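S.K.: Before anything else, here's the structure in question.
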Amino acid sequence: MNPIILIVILAFLAGTAITIARVRGVFVAAMLTGIYSLLSASWMLALDAPDVAFTEAAVGAGISTVLMLSALALTTNREKRPDRIAVIPLMVVLMTGSVLIYVTLDMPLMGDPNAPAQVHIAPEYIDGAHDYHIPNIVTMVLGSYRGYDTMGETAVVFTAGLGVIMILGGARRVMSWQERQQKRREEGELVLEEVYPLPDADEVDPEGEVHPIDDDGGGAT
Amino acid sequence: MVVDVLSWILLLTGGTFSVIGGIGLMRMPGFYSRVHASGITDTLGAGSILLGLMLQAGLTTVTIKLVFILAFLFITSPTSAHALVNGAMTNGLKPKTQVQEGEE
Amino acid sequence: MSHLLIPRVITKILLPFIMLYALYVQFHGDYSPGGGFQAGVIFAAAIILYAMIFKVVEAERVIKPGVARALMAVGLLIYLGVGFLTMFLGGNFLDYDVLTHDPSHSQHYGLLAIEFGVGVAVAAVMITIFYSFVDPLRD
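Chains as they are written, first to last, in my numbering: chain R, 1 to 221; chain S, 222 to 325; chain A, 326 to 464.
The following block contains the structure:
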């Protein structure tokens with residue numbers, strides 16, 4: 001693969017990431033994360049990793065954008081403007097980034113045939129896939145050699161679903177929809193406050209105020 | 222040879238239409254005309270590129286897959302453009318009918 | 326709701342193909358890129374598309390929220406069940422070789438089974454998360 005294509009895609013990725021960090025409209029940021037996922041999917045495809053690219057395109061650009069938009073329907077569409085630059089998080093991010101870059105200096109080059117992964121593990125996987133007649137080595141590694149890891153991943157996905165149910169969907173069992181609607185009307189606020197106590201009125205900046213959502217029957221549109 | 226030339230003509234046409242669509246997306250005034258410009262990229266640009274690739278591939282399974290992609294694209298991209306414009310219209314965005322002063 | 330007419334018609338045409346593609350990705354994972362994770366997400370995307378273009382209530386008639394929640398656990402249990410089945414048949418945990426007499430076939434069957442579990446779990450989790458997010462917006 002031509003390295004110029006990779007560099008161009010990586011430059012686009014960096015530009016998108018910076019734009020996401022700088023833009024204030026949350027809807028714009030959500031759409032940009034979808035674009036970021038699509039770009040990284042094409043980057044992974046350029047690196048000959050179609051399985052990962054497939055996952056990234058389906059999960060990142062497809063589902064998570066939709067989920068992010070439906071989550072945004074629960075909150076405001078403007079990000080609160082920070083009053084000052086947060087120094088300590090910036091330092092932490094910079095230090096972590098420089099440590100990561102420093103560590104990559106010790107790593108083997110991309111596609112290096114003498115890299116430890118290519119010398120010891122990869123030949124065994126390739127032989128195994130050949131012996132068992134499974135053309136897609138990724139599936140073979142994922143299911144056979146790394147079956148426990150994949151089981152852990154499935155458990156992680158399951159736990160993520162459980163977490164969302166506990167935070168957002170748990171109210172459904174104890175309170176019927178009419179009751180909750182009634183409660184929402186009385187307080188004029190969102191259901192989210194069951195989880196997050198809303199800040200006092202003087203702490204909220206005027207633009208970042210939480211507005212009740214208009215009920216226009218169309219699902220999540 | 223003829224097939225090669227034909228496919229390259231189609232590929233270049235598709236590329237040109239994509240660039241035109243991109244320029245239109247940046248330069249057109251107003252939301253609706255921008256969607257119209259991006260529609261060029263979706264249908265003519267991508268369609269010509271896929272046709273060119275089909276000629277390059279010959280009669281293989283790749284061509285059949287490309288035919289499916291083309292059919293899918295021809296159904297979905299006008300629909301998505303329609304949904305976009307429809308959403309803007311129902312939310313009350315008025316089409317820009319004349320160029321405002323101070324803009325190009 | 327006449328302004329949703331065209332998306333609804335197109336969605337009706339496309340949904341079977343999306344689901345068919347999800348099944349292809351699910352069961353063809355041994356031979357081409359794909360597998361349970363991707364297939365589950367594509368299947369969930371079909372349901373979510375249906376819920377967005379039609380009403381969420383309509384989608385909940387197809388897959389009830391309780392069913393989706395149960396399937397989350399069922400998917401993980403299928404995976405674990407394959408592991409325990411291989412132990413029961415005398416092998417190690419997730420050692421597919423004992424499933425049939427031919428090791429190659431065993432690997433294929435084992436992979437298909439665990440990928441199916443992964444696919445069910447992922448699809449159910451995605452649908453459940455979507456239902457949870459749109460639940461407070463219900464009219």
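For glycine and all other residues, C-beta sits at the position ideal for the given N, C-alpha and C. Every value quoted in this text rests on a predicted model; they were computed, and no experiment measured them.
#1: I'd like to know whether the C-beta atoms of A364/A and V350/A end up nearer to each other than 8 angstroms.
#2: Does any residue of chain A bring its CB to less than 8 angstroms from the CB of T300/S?
#3: Under 7 angstroms between beta-carbons, which chain A residues line up against N307/S? List them in chain order, please.
#4: Under 7 angstroms Cβ-Cβ, which residues of chain A neighbour H133/R?
#5: Reducing DSSP to helix, strand and coil, say where R248/S ends up.
#6: Who are the neighbours of M344/A on chain R, taking C-beta pairs under 9 angstroms?
#7: Should the region 16 to 26 of chain R be called in touch with the region 42 to 60 of chain R, which here means at least 3 C-beta pairs below 8 angstroms?
#8: If you run the structure through DSSP and keep just helix, strand and coil, what is K389/A?
#9: Give a yes or no on whether 8 angstroms exceeds the smallest Cβ distance from F413/A to chain R.
#10: Could you list which residues in chain A have their beta carbon closer than 9 angstroms to that of I290/S, in chain order?
#11: For the 8 angstroms Cβ check, are there 3 or more pairs between the region 329 to 342 of chain A and the region 414 to 433 of chain A?
#12: Using the beta-carbon of each residue, which ones in chain S are nearer than 7 angstroms to P332/A?
#13: Between the beta-carbon of G245/S and the beta-carbon of K317/S, is there less than 8 angstroms?
#14: Could you check the C-alpha separation between A11/R and F418/A for me, to the nearest Å?
#15: If you draw a straight line from the C-alpha of A398/A to the C-alpha of G360/A, how long is it?
#16: Please list the terminal residues of the continuous alpha helix (DSSP H) segment that includes V99/R.
#17: What residue does the alpha helix (DSSP H) around I345/S start on, and which one ends it?
#18: Measure the C-alpha to C-alpha separation of V195/R and I285/S and round it to an integer number of angstroms.
#19: Would you say I296/S reaches chain A, if we count a Cβ-Cβ gap shorter than 8 angstroms as a contact?
#20: Out of G391/A, G416/A, F413/A, which has the shortest C-alpha to C-alpha gap to A449/A?
#21: Assuming L142/R and T154/R are in contact, meaning their beta carbons sit under 8 angstroms apart, how far apart are those beta carbons, in whole angstroms?
#22: Short of 7 angstroms Cβ to Cβ, which residues in the region 360 to 381 of chain A face chain R?
#23: Check this for me: beta carbons of L312/A and V445/A, under 8 angstroms apart or not?
#24: State the DSSP-derived secondary structure class of P341/A, mapped to helix, strand or coil.
#25: If you run the structure through DSSP and keep just helix, strand and coil, what is G359/A?
#26: Report yes or no: is there a C-beta of chain S within less than 8 angstroms of the C-beta of D339/A?
#27: From the beta carbon of T264/S, is the nearest beta carbon of chain A less than 8 angstroms away?
#28: Spell out whether any CB of chain A is found under 8 angstroms from the CB atom of G161/R.
#29: Should Y36/R be flagged as near chain A, meaning a C-beta pair shorter than 8 angstroms?
#30: Can we say the region 39 to 49 of chain R touches the region 87 to 101 of chain R, given the rule of at least three CB pairs closer than 8 angstroms?
#31: According to the neighbour-count rule (16 or more other Cβ atoms, all chains shown, within 10 Å of its Cβ), is Q118/R buried or exposed?
#32: Rounded to whole angstroms, what's the CA-CA distance from L94/R to L100/R? Just pull it up for me.
#33: How would you call N312/S, buried or exposed, if buried means at least 16 neighbouring beta carbons within 10 angstroms?
#34: Measure from the C-beta of L67/R to each C-beta in chain A and report whether the shortest distance is under 8 angstroms.
#35: Contact check, T262/S vs F295/S under 8 angstroms by CB: the rounded distance?
M.R.: On the basis of the supplied data:
#1: Along the third sequence, read from residue 1 onward, the residue named residue 364/A stands at position 39. Along the third sequence, read from residue 1 onward, the residue named residue 350/A stands at position 25. In this structure, V350/A lies closer than 8 angstroms to A364/A by Cβ.
#2: Residue 300/S sits at position 79 when you count from the first residue of the second sequence. Closer than 8 angstroms to some Cβ of chain A, the Cβ of T300/S qualifies, so yes.
#3: Working through the second sequence from its first residue, we reach residue 307/S at position 86. Chain A residues near N307/S: H328.
#4: In the first sequence, the residue the question calls residue 133/R occupies position 133. Correct list: S429.
#5: The residue given as residue 248/S occupies position 27 in the second sequence. In the structure shown, R248/S sits in a helix (DSSP, three-state: H, G or I).
#6: Here the question's residue 344/A lines up with position 19 in the third sequence. What M344/A touches in chain R: nothing, since even the nearest Cβ is about 14 angstroms away.
#7: No, because fewer than three Cβ pairs between the region 16 to 26 of chain R and the region 42 to 60 of chain R fall closer than 8 angstroms, the two stretches do not touch.
#8: Position 64 of the third sequence, counted from the start, is the residue given in the question as residue 389/A. In the three-state scheme derived from DSSP, where H, G and I count as helix and E and B as strand, K389/A is classed as coil.
#9: Locating residue 413/A in the third sequence gives position 88, counting from the first residue. Chain R, which has no Cβ nearer than 8 angstroms to the Cβ of F413/A, makes this no.
#10: Here the question's residue 290/S lines up with position 69 in the second sequence. Simply none; closest approach about 12 angstroms.
#11: no
#12: Here residue 332/A refers to the residue found at position 7 of the third sequence. Ordered by position in chain S, the residues that pass the 7 angstroms Cβ test against P332/A are T300, A304.
#13: Taking the first residue of the second sequence as position 1, residue 245/S is located at position 24. Taking the first residue of the second sequence as position 1, residue 317/S is located at position 96. Not in contact: G245/S and K317/S (Cβ atoms no closer than 8 angstroms).
#14: One-based indexing of the first sequence puts residue 11/R at position 11. One-based indexing of the third sequence puts residue 418/A at position 93. Rounded to whole angstroms, the gap between the alpha carbons of A11/R and F418/A is 45 angstroms.
#15: Numbered from 1 along the third sequence, position 73 holds the residue referred to as residue 398/A. Numbered from 1 along the third sequence, position 35 holds the residue referred to as residue 360/A. Rounded to the nearest angstrom, the two C-alpha atoms are 19 angstroms apart.
#16: Within the first sequence, the letter at position 99 stands for residue 99/R. 87 to 104 is the extent of the alpha helix (DSSP H) around V99/R.
#17: Given that chain S is displayed from residue 222 to residue 325, the structure contains no residue 345/S and the question cannot be resolved.
#18: Numbered from its first residue, the first sequence carries residue 195/R at position 195. Numbered from its first residue, the second sequence carries residue 285/S at position 64. Low confidence applies here, because V195/R scores a pLDDT of 41, under 50, leaving its location unreliable; read the following figure in that light. Computed Cα separation, rounded: 51 angstroms.
#19: Position 75 of the second sequence, counted from the start, is the residue given in the question as residue 296/S. So, interface residue.
#20: Counted from its first residue, the third sequence places residue 449/A at position 124. Minimum Cα distance to A449/A is reached at G391/A.
#21: Along the first sequence, read from residue 1 onward, the residue named residue 142/R stands at position 142. Along the first sequence, read from residue 1 onward, the residue named residue 154/R stands at position 154. In this structure L142/R is not in contact with T154/R, their Cβ atoms being roughly 11 angstroms apart against a cut-off of 8 angstroms.
#22: G360, F362, Q363, V366, I367, A369, A370, I373, A376, M377, K380, V381
#23: Since the first and last residues shown for chain A are 326 and 464, residue 312/A lies out of range.
#24: Indexing the third sequence from 1 puts residue 341/A at position 16. In this structure, DSSP gives P341/A a helical state, which the three-state scheme calls helix.
#25: Within the third sequence, the letter at position 34 stands for residue 359/A. Here G359/A sits in coil by DSSP.
#26: Position 14 of the third sequence holds residue 339/A. The displayed chain sequence assigns Leu, not Asp, to residue 339/A. Judged by the 8 angstroms Cβ criterion, L339/A is in contact with chain S.
#27: Translated into positions along the second sequence, residue 264/S becomes position 43. No, because no Cβ of chain A sits closer than 8 angstroms to the Cβ of T264/S.
#28: Residue numbering aside, residue 161/R sits at position 161 when the first sequence is read from its first letter. Chain A contact via Cβ: present.
#29: As a first step, residue 36/R is located in the first sequence; it is residue number 36 there, counting from the start. No, its Cβ sits nowhere closer than 8 angstroms to a Cβ of chain A.
#30: no
#31: Locating residue 118/R in the first sequence gives position 118, where the first residue counts as 1. Q118/R comes out exposed.
#32: Counted from its first residue, the first sequence places residue 94/R at position 94. Counted from its first residue, the first sequence places residue 100/R at position 100. One C-alpha to the other measures close to 10 angstroms.
#33: Locating residue 312/S in the second sequence gives position 91, counting from the first residue. By the 10 Å Cβ count, N312/S comes out exposed.
#34: As a first step, residue 67/R must be located in the first sequence, where it is residue number 67. L67/R counts as touching chain A.
#35: Position 41 of the second sequence, counted from the start, is the residue given in the question as residue 262/S. Position 74 of the second sequence, counted from the start, is the residue given in the question as residue 295/S. Rounded, the Cβ-Cβ distance is 14 angstroms, inconsistent with contact.
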